[in-house]
Every structure is written in C-alpha cells, then in structure tokens.
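Numbering (my numbering), first residue to last: 79 to 245.
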C-alpha cells in the first residue's frame, strides 16, 4: 500500500471515514440468502477488525462464503430541498470489498481483540489488555480489504481504491 493515504487523496478520505465511525454494516451472502448486520469495528492497516461470539450466523456464512462487503456512512446534515421536495441528504460513505477470516489462533485473536479494544478506549477509560482467558471466550473476524469505493454527496464525488499486488 505504497500510495499516499493523506486525507486529500481518495484513499485517504475513505480511510479517514472508516477510522472515524463506530458502527458499520457487514454484508454476507450464501446461496440465495443475503445478510447484513450492523456492528462495532476497528479499521487498522487495510483490515477491518470485528469481535463476535464463538458461534452464530455470521461465522456460518463466512465459512461458506468468505467474500464480504462492509459499509460505513456519515450523514452530514438534514435533508435539503431537491426538485421541490426535502429528499436530498448530504452524506459520505465507504464500501469495502474483501475476504473475511475467522481468527482461530489464540495468539492472533488476542492481538486482534486488543487492537479492537484500543479503538474504543479513551484517556478516561482504558481497560486491561485482553489475555488468553478472555480471548478464549470471544471470537474475532478480520476482513482483508481488497477494494474500496467512496462517495461524497452533494457534489457526487466518487472514489475508488484497489489494493496493489505488493500490499
């Protein structure tokens, strides 16, 4: 990922939005069944980090089809008139496409869960690091992002970034 990721670049805008939001939507699909779930996440080094239960629908669907998408958005203000109606909404959004991995290795899971936890820690509230006992009771998913698309509206600015082969 040698491309400059400053916030004035398309990739920088998308990574800034991913890093600033607290809730995203994970999109999964198996056979004829789509599934979207809102959840907390952390974005780090081109990866989306998610904590989860040790079993459940998300994990079953990822095992069957690890190709996923992940969306975050931010409403910039109230609806504004458009063509005589209050139907235009200023917003920013990012849609990531990638491969989800359920983290089975306990050492890697501890690292992922601690990065996730650090995302939500504040100077006023810092929790103890997650160790083997806590990590064995909580699952973790990592999405390796291969491609991102972003949009800013109004202005209808559209952005796209694709992971380089050397990333």
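Note that CB positions come from ideal geometry on N, CA and C, so glycine has one too.
Annotation for residue 187: 181, 213 and 218 place their beta carbon closer than 7 angstroms to its own, counting only its chain and skipping 5 residues before and after. Put simply, the backbone Cα of residue 199 is about 35 angstroms away from that of residue 108.
The beta carbon of residue 220 is closer than 8 angstroms to those of 125, 126, 127, 128, 178, 179, 181 and 190 in its chain, skipping five residues each way along the sequence.
Cβ-Cβ separation between residue 102 and residue 114: approximately 10 angstroms, too far for a contact (criterion under 8 angstroms). Excluding residues up to 5 positions away in sequence, 167, 168 and 169 lie with their Cβ nearer than 8 angstroms to the Cβ of residue 153 in the same chain. Bridge pairing for residue 153: 169 [DSSP]. Within 10 angstroms of the beta-carbon of residue 134 lie fewer than 16 other beta-carbons, which makes it exposed. Annotation: residue 184 to residue 89 spans about 32 angstroms, alpha carbon to alpha carbon.
Taken through DSSP and simplified to helix, strand or coil, residue 205 comes out as coil.
Excluding the 5 residues flanking it on each side, residue 230 has same chain C-beta neighbours closer than 6 angstroms at 170, in chain order. Restricting attention to alpha helix (DSSP H) runs no shorter than 4 residues, the region 115-139 encloses none.
By DSSP's assignment, residue 97 forms no beta bridge with any residue.
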